[in-house]
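These protein sequence lines map, in sequence, to chains A and B. Everything in the first sequence is counted per our numbering, starting at 20 for the first residue and increasing by one. Everything in the second sequence is counted per our numbering, starting at 20 for the first residue and increasing by one. Where is the CB? At the ideal position from N, CA and C, for every residue including glycine. In what follows, a single structure is set out as structure tokens and then discussed.
There are 2 protein chains.
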Amino acid sequence: MTDGPSGADEPSCVQPGAGIGFLISQLGYVISTRFRAILAPLGLEPRHFLVLRHIARAEGSSQQALGQALHIPASRMVGLVDTLEQRGLVERRANPRDRRARALHLTEEGRRMLEEAWRIALGHERAVTAGLTGEERDQLFSLLRRLAFARELVPGVHPALADEE
Amino acid sequence: MTDGPSGADEPSCVQPGAGIGFLISQLGYVISTRFRAILAPLGLEPRHFLVLRHIARAEGSSQQALGQALHIPASRMVGLVDTLEQRGLVERRANPRDRRARALHLTEEGRRMLEEAWRIALGHERAVTAGLTGEERDQLFSLLRRLAFARELVPGVHPALADEE
DNA sequence: ATACATCGTTCCGCACCGTAACGATTAGAG
DNA sequence: CTCTAATCGTTACGGTGCGGAACGATGTAT
Chain A
20 MTDGPSGADE PSCVQPGAGI GFLISQLGYV ISTRFRAILA PLGLEPRHFL
70 VLRHIARAEG SSQQALGQAL HIPASRMVGL VDTLEQRGLV ERRANPRDRR
120 ARALHLTEEG RRMLEEAWRI ALGHERAVTA GLTGEERDQL FSLLRRLAFA
170 RELVPGVHPA LADEE
Chain B
20 MTDGPSGADE PSCVQPGAGI GFLISQLGYV ISTRFRAILA PLGLEPRHFL
70 VLRHIARAEG SSQQALGQAL HIPASRMVGL VDTLEQRGLV ERRANPRDRR
120 ARALHLTEEG RRMLEEAWRI ALGHERAVTA GLTGEERDQL FSLLRRLAFA
170 RELVPGVHPA LADEE
């Protein structure tokens with residue numbers, strides 16, 4: 020009894036510890052860890068990358084809106100934007116429409132940093148599937164997308180940043 | 020410029036936020052979160068399951084050996100085994116060969132619990148790939164295993180329990 | 001016999017996260 | 001216009017989990 024409950028005649032891919040679920044969980048962890056590592060030299064973490072990216076897409080957003088889109092609680096956004104502002108990547112401008120809110124904008128430096136981070140992310144994406152042919156990569160991508168769709172995952176929003184629902 | 024650096028003519032599957040890497044990272048998170056949730060009614064967490072499983076495979080192991088195999092620091096093993104012992108699932112027996120070490124054994128209750136957890140894990144594995152045909156599941160499994168192999172992942176050992184290196 | 005390594009344990013500081021308050025500002029009701 | 005409720009950003013606080021460092025007990029080597 021070293022590999023499961025006694026008389027289990029399951030297909031080999033359905034085995035806790037070696038099955039698809041565990042495999043994806045393992046891979047997901049090492050991949051995101053690796054991404055964090057190759058992003059570190061820029062002084063950025065994955066969440067910073069996501070925030071920068073979202074600001075670039077919707078310049079002038081409030082912190083609230085940003086937090087809502089990325090499922091990040093407001094209290095956390097503060098420190099996040101603080102960091103990015105201190106590094107001169109993001110500006111908190113006044114919003115003439117609503118003096119409570121801050122309009123977030125990328126600085127020139129921020130734009131450069133985002134492009135650099137993007138280049139690194141692209142290299143990372145390629146590294147992930149190194150060893151797969153183009154056709155295999157497409158297959159894998161298609162299969163994973165179906166799993167993600169079945170779980171209603173939102174592209175670009177990492178669920179680790181927003182547990183509750 | 021809402022979707023990447025200006026002139027990037029990359030294949031669509033290579034896009035941070037929507038690429039294979041991010042997809043696996045997303046899926047890995049929700050899958051392990053889900054697994055934690057369906058295991059909770061037993062009063063167990065995923066790590067407890069892994070520990071129980073390993074003890075079953077190598078009854079009489081020391082905590083040290085167990086921690087080394089699963090890449091869990093010794094100081095954490097204590098609390099882990101404490102919990103399992105308090106629930107009557109594991110026994111710390113004396114080791115006549117070495118009075119420093121504790122020989123870990125499953126109780127009858129522990130064995131029952133492990134089987135139950137295993138059943139739940141199997142159901143989870145099936146749920147993960149629900150919506151895929153058998154052939155697709157095999158394809159996916161094969162592709163993921165190649166990625167895992169390329170990254171030297173050890174079956175049954177989740178890297179989240181061992182960051183360093 | 002002495003010095004060093006190993007096992008399990010406890011202790012402590014670190015980092016992180018989310019809730020609950022708070023002042024400032026805005027929107028809505030009367 | 002006034003008063004009240006909601007919203008935005010911020011700060012403070014408590015809870016949690018993790019791993020390194022030290023410790024006593026025991027084993028091993030010289």
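Would you mind reading off the limits of the alpha helix (DSSP H) that contains residue i?
| i | result |
| --- | --- |
| A/E104 | 93-105 |
| A/H73 | 65-76 |
| A/R55 | 39-58 |
| A/G86 | 82-89 |
From what residue to what residue does the beta strand (DSSP E) around residue i run?
| i | result |
| --- | --- |
| B/R112 | 109-113 |
Mind checking whether residue i and residue j have CB atoms under 8 Å apart?
| i | j | result |
| --- | --- | --- |
| A/G86 | A/A93 | yes |
| B/L108 | B/E128 | yes |
| A/L151 | B/L162 | yes |
| A/L46 | B/G47 | yes |
| B/R112 | B/H124 | yes |
| A/S44 | B/H177 | yes |
| B/R131 | B/L99 | no |
| B/M96 | B/Q105 | no |
| B/A140 | B/F68 | yes |
| B/R164 | A/V49 | no |
Exercise. Any contact of the segment 45-65 of chain A with the segment 57-71 of chain B, i.e. 3+ C-beta pairs under 8 Å?
Worked result: no
Exercise. Residues in the segment 41-58 of chain A with C-beta within 9 Å of chain B's C-beta atoms, listed in sequence order?
Worked result: F41, L42, I43, S44, Q45, L46, G47, Y48, V49, I50, S51, T52, R53, F54
Problem set entry | Contained alpha helix (DSSP H) runs [length at least 4] in the segment 118-160 of chain B, N- to C-terminal order | 127-147
Exercise. According to a CB-to-CB cut-off of less than 8 Å, which residues of the segment 133-155 of chain A neighbour chain B?
Worked result: E134, W137, R138, A140, L141, H143, E144, R145, V147, T148, A149, G150, L151, G153, E155
Problem set entry | the segment 114-122 of chain A in contact with the segment 37-56 of chain A per 3-pair CB rule at 8 Å | no
For this session: Closer than 8 Å, Cβ to Cβ, to anything on chain A: give me those residues from the segment 65-82 of chain B, in chain order.
Result: F68, L69, R72, A75, R76
Exercise. Which residues, taken in chain order from the segment 155-170 of chain A, show a beta carbon closer than 8 Å to some beta carbon of chain B?
Worked result: E155, R156, D157, Q158, L159, F160, L162, L163, R164, R165, L166, A167, A169, R170
Problem set entry | Interface positions of the segment 82-110 of chain A facing chain B (Cβ-Cβ less than 7 Å), listed along the chain | none
Exercise. Does the segment 139-146 of chain B touch the segment 38-50 of chain A, meaning 3 or more C-beta pairs lie closer than 8 Å?
Worked result: yes
For this session: Take every Cβ of the segment 147-163 of chain B, pair it with every Cβ of the segment 67-82 of chain B, and state whether three or more of those distances are shorter than 8 Å.
Result: no
Exercise. Using a Cβ cut-off of 7 Å, which residues of the segment 117-132 of chain B contact any Cβ in chain A, in chain order?
Worked result: none
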